[in-house]
Amino acid sequence: MNELMAVIAEFGEELHPDRITAIATKIETMSSVDEFDLGKSGFGPNADKDMIDR
Numbered sequence: 001m002n003e004l005m006a007v008i009a010e011f012g013e014e015l016h017p018d019r020i021t022a023i024a025t026k027i028e029t030m031s032s033v034d035e036f037d038l039g040k041s042g043f044g045p046n047a048d049k050d051m052i053d054r
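For the sequence shown, the UniProt record's numbering begins at 1 and goes up steadily by one.
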């Protein structure tokens with residue numbers, strides 16, 4: 001759980017609030033973590049791939 005909170009904090013430091021909202025909205029539509037790859041489009045075209053993979 002600590003790792004999850006660290007990732008969320010990193011998003012907050014690195015991303016614009018509108019981008020965070022877009023990501024959260026995309027994640028809300030998922031029915032399981034297996035669909036996370038589908039949500040990557042919410043990160044936008046210039047997303048930091050290393051940050052997303054963490």
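The beta carbon of each residue, even a glycine, is placed where N, CA and C say it ideally should be. Model, not experiment: these values are computed from the prediction.
Rounded C-alpha distance that separates residue i from residue j
| i | j | result |
| --- | --- | --- |
| residue 13 | residue 30 | 24 angstroms |
| residue 21 | residue 36 | 16 angstroms |
| residue 23 | residue 7 | 13 angstroms |
| residue 18 | residue 32 | 24 angstroms |
| residue 34 | residue 11 | 21 angstroms |
| residue 16 | residue 2 | 23 angstroms |
Which of helix, strand or coil DSSP assigns to residue i
| i | result |
| --- | --- |
| residue 30 | coil |
| residue 15 | coil |
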